[in-house]
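Have a look at the structure below, then the notes.
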Amino acid sequence: MPRRMEAIGILQRAIDRGQLPPGIDRNMLLDALYGPMYFRMLAMHNPVSTAFVDELCDVVFAGATPNGNGHSS
Numbered sequence: 001m002p003r004r005m006e007a008i009g010i011l012q013r014a015i016d017r018g019q020l021p022p023g024i025d026r027n028m029l030l031d032a033l034y035g036p037m038y039f040r041m042l043a044m045h046n047p048v049s050t051a052f053v054d055e056l057c058d059v060v061f062a063g064a065t066p067n068g069n070g071h072s073s
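Read in order, the letters of the sequence shown correspond to residues 1 to 73 in the working numbering.
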């Protein structure tokens, strides 16, 4: 739970900077990010590589940002 609370704080700072919409559900956004990573770890069908995490962040944040141009960097 402490790591999740830290991640929620990071998302809140992105909201405060206007990088994410004010009404976004931070817990849902974290679940959208963490779910695929945990699935890969449990199913062991593919590794949780840096490339996978980067692409996952691009996809999730593109859907979460007002202009649809979210990215992991």
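Beta carbons are placed, not taken as given, at the ideal position from N, Cα and C, and that holds for glycine.
Through-space distance from residue j to residue i, alpha-carbon basis
i: VAL48; j: VAL60; result: 16 Å
i: PRO36; j: CYS57; result: 11 Å
i: ALA14; j: ASN27; result: 14 Å
i: ALA64; j: LEU42; result: 26 Å
i: PRO21; j: LEU11; result: 10 Å
Bounding residues of the alpha helix (DSSP H) (the contiguous stretch that carries residue i)
i: THR65; result: No alpha helix (DSSP H) contains THR65, which DSSP labels as neither H nor E.
i: PRO2; result: 2-16
i: ASP31; result: 26-43
Option nearest residue i by Cα separation, candidates the options
i: ARG40; options: PHE52, THR65 and LEU29; result: PHE52
i: ARG4; options: HIS45, LEU29 and GLY18; result: LEU29
i: ALA7; options: ASN46, LEU33 and ARG17; result: LEU33
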